[in-house]
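Note sheet for the following structure.
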Amino acid sequence: MTKWEPLNSIVININEELFRIILRGLCGDNWFSCEIRDRSDKVIAQFYTLNGNATLRGLAIEKNAPIYLERIRTRIGNVNVIVDSELGHKPPLEASKLIAQSIEHRVERILLDRQLGVRDDHAQKIDSILDQLTPSQDISTFWEQVNNVVDQLCPVIGAIGGMYVQPQSNSPIKAASINYFSLVDQIVEITPQMITVLTNARPKIIKVTISDLGNSEFEKVIKSQGLGRTRLIMTVPLLLHPDIQSRILFVIDDLGDERHLLSIEEDLKLLSIVVGRISTAYSTSIRLQEQQLIALQKDRLVHEKTEYIHVITHQLLQPLGSLVLYCESLLDEQIGFEKKQQYSRWIPSIARSWAGFVYTVAWASRREDDIFQDSPDVQFKACKITPILISCAIDMQPFAQEQQGKYVTVDTELCEYVDNSAQVKLSELHIRQAIMNLIHNAIKYSFPKSTIAIRAYVDKHAMSITVENIGIPIQVEEQNIIFTKGGRTNLAREIDPGGTGLGLFIVSEVMKLHDGSVSVHCQANPKDRSKTTFVLSFPLHLNKR
Amino acid sequence: MSKGKILIVEDQRLLWIPIQSALEAREYEVHWATSATEALLVLHKYKFKFDVMILDLMVPLRNVGENTLFPKGGDSRRGGLILYEAIKAEAKEGIPTIIITVVTDPEIRRAANGFAHQIFTKPFSLKELLEAIERVSQSNKIYHQLKEKNGKAAKQKASKKSSRGGKAR
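Going down the list, the protein sequences come from chains F and G.
Here the numbering used here is used: position 473 in the first sequence is 466, and no number is missing along the way.
With positions in the second sequence counted from 1, the corresponding number in the numbering used here is that position plus 9.
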């Protein structure tokens, strides 16, 4: 067993100076030598480089004490450094390894610092380009900006790497990056396994070479892509936005060149800064957009609320105004008896239609999905439809007659046939309201002196009630909106500005309550006098309540 | 002879029927229209000679089947105001107007205040409306009488002047 002895009082002080010397060697001098002195200014080492091979010889060599000499070879950057040393208290191999590691580590750091110095300009340039990014509540404007910034960044980033966004994303970054990466032979789609390997390898990721990965699948992919050792593409997941799933894509040119490898860590930093800045601006933009949307929604809600209250007020005050006038007319001595008799018959009809409207508003103010669910008024029982339809027609008659001489008819023969053929369980109160709403609309939107016809039909599948009028047409594209809350056609808004847009919504909800449906059919004719038929359909097999 | 000629512009016929009855019982001549277009046709027919117009601010610009006299797409919720502007464009002095409305929009109310003799918010008292019609109709008559009288006086003055002028010459 070899006996290791200390090198007396000689200590190799691996200080900054040594590394400066090594660096000078790295600067490419063909031949360079220097002395290393200890604290007492005694030469303890000589150093020279020749054709990229640096050799460090300790004082021990000069003293010709080779017994303690251990040659350490290491490779720093693209320079082979050989440390031949005769070291202190530890066995030379172990000590040499430590020194070698220390040298290697320090040299790496110094190289990095040097490169950082070089990168400073680069970073500033990138920074000034990124400064152009202003968060915008208009996301498309923001992406235009990003596009513009990426365009400017690509030549700058080009020196250090690039950015790539997942293929499924439609982000403009992708287009720009793909442009940039057209310079790359091929882009390898990284599998999740590869990402795991690469991610786990961090921060040593820059040291990874294909053969070192030990991941046959990765190697296979790389080889199959013909990338060999010349280009390794890595992605690092980086969150821009959950929907975008961006990744930094890295291109390492010439893995054999370790100096490039050293710069990659810094490249990653720069790229993270780029993507980080874009990501932050994007998040701010999204937040601004959300704030704007909230503000718009708030404005819209306030506007809708005001409109709704306005319409409801109008609709409630109209019949109330009529009732007050009719009641006062009864006391007016100058109005004749016959008219007073007529008015006294109308007063209950107006009151009933008013009550119907109040119900409508109350129902519609509930949430759409449970509009009648918790209503105590919902009571299903077997009903005959003829009396319901007749009483609805009678109640609406004054309104119809006074609206330019219109008339509501009920085909009692058909209705009685239906009553004799099928028995349907209905919530009478609600069905009455639905039919009243349909008749009311038919009166409002029909031509003067026309007839509103109410009929009923039955077959083995369903019982139907139809309300038909000759009047203004409902355009096909508007037929869906009329059953929504507040949905009105443009023509309806013009002709009845005070309407609520709730009537048909309530009809639709009432039919849902009965597992039935409401539909509208419009048959236009040449004189723009359209026959409009609303059909309430009650499926018989479902009507088991 | 009627006490005055009244035009009711209101789309809710159930509302104006009792008003019409009460006015006819008091010997007014009553005409009605249920849209701004219909109202303008009636006004043209009678050359805007009405003592009072009772106007609903939210009257539709047209009814079903009518070809509107107003530009399409107009805001029917301002139908009464649009009608009054059309009247002013054709008849400089306008027509004495009483507004009946449920409109609470301050902007529309302010605009209506500019030309209406009185504004009634529904529900209103028939008696009070009749009193207002009487009052506005009377003052309109007095106004026209005075105007006629002044017109005559001005004419006389002018003819005297011209005759004196003739002598001087």
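Ideal placement from N, C-alpha and C gives every residue a C-beta, glycine not left out.
Between G74 (chain G) and F440 (chain F), the gap from beta carbon to beta carbon is short of 8 angstroms. When secondary structure is reduced to three states using DSSP, D65 (chain G) falls in the strand class.
Contact check between the segment 401 to 419 of chain F and the segment 447 to 454 of chain F: three or more CB pairs, one atom from each, fall below 8 angstroms, which counts as touching. Judged by DSSP in its simplified three-state form, V528 (chain F) adopts strand. V111 (chain G) and L64 (chain G) do not touch by the CB rule: their CB atoms are close to 13 angstroms apart, not below 8 angstroms.
Distance between R345 (chain F) and K437 (chain F), taken at the CA atoms: about 18 angstroms.
For chain F, the residues of the segment 25 to 43 of chain G that bring a beta carbon within less than 7 angstroms of one of its beta carbons are I26, P27, I28, S30, A31, A34, R35, in chain order. Rounded to the nearest whole angstrom, the CA to CA distance from P466 (chain F) to Q516 (chain F) is 8 angstroms. For N72 (chain G), the closest Cβ of chain F is nearer than 8 angstroms. Look at the beta carbons and you see the segment 481 to 491 of chain F not touching the segment 417 to 429 of chain F: under three pairs across the two are nearer than 8 angstroms.
Chain-ordered listing is empty here: chain G has no CB closer than 8 angstroms to the CB of K118 (chain F), the nearest sitting near 56 angstroms. Between E471 (chain F) and the set F:G494, F:N462, F:K453, F:E461, the nearest pair of CA atoms involves F:G494. Residue pairing by DSSP places K14 (chain G) opposite G:E38 in a beta bridge. Distances from the CA of I117 (chain G) to each of G:I107, G:H126, G:G89 were compared; the closest alpha carbon is that of G:G89. Restricting attention to F:K374, F:G491, F:L323, F:T459, the CA atom closest to the CA of Q308 (chain F) is found in F:G491. The residue among F:I387, F:I305, F:K374 with its C-alpha nearest the C-alpha of A355 (chain F) is F:I305. In this structure, the beta-carbon distance from F129 (chain G) to I109 (chain G) falls below 8 angstroms. Chain F places a beta carbon closer than 8 angstroms to that of Q21 (chain G), counting this residue as a contact. By the C-beta density criterion, S322 (chain F) is buried, having at least 16 other C-beta atoms within 10 angstroms.
Against chain F, a Cβ distance below 9 angstroms from G88 (chain G) picks out P490.
Excluding five sequence positions before and after T46 (chain G), the CB atoms of its chain that fall closer than 8 angstroms to its own CB belong to L70, R71, N72, E75, N76, T77, L78, F79, given in chain order. For F133 (chain G), the neighbours in chain F by C-beta distance under 9 angstroms run, in chain order, G314, V317, L318. For G464 (chain F), the C-beta contacts it makes with chain G under 7 angstroms involve V73, in order along the chain. V513 (chain F) and V460 (chain F) have their alpha carbons spaced roughly 10 angstroms apart. Bridge pairing for H514 (chain F): F:T526 [DSSP].
In the structure shown, the three-state DSSP call for E461 (chain F) is strand. In this structure, Q311 (chain F) lies near L24 (chain G), with their beta-carbon atoms less than 8 angstroms apart.
At least one beta carbon of chain G lies nearer than 8 angstroms to the beta carbon of S322 (chain F).
A direct Cα-Cα distance of roughly 24 angstroms separates E137 (chain F) from I287 (chain F). Shown in chain order are the members of the segment 395 to 412 of chain F whose Cβ falls below 7 angstroms from a Cβ of chain G: E395, Q396. Taking 8 angstroms as the threshold, the shortest C-beta distance from V145 (chain G) to chain F does not fall below it. S420 (chain F): member of the beta strand (DSSP E) spanning 417 to 420, first to last residue.
Taking the Cα positions, M67 (chain G) is about 5 angstroms away from R86 (chain G). At least 8 angstroms separates the CB of E461 (chain F) from every CB of chain G. Residue-level contact by beta carbon holds for K332 (chain F) and chain G, with a gap shorter than 8 angstroms. Per DSSP, the unbroken beta strand (DSSP E) holding I108 (chain G) starts and ends at 106 to 110.
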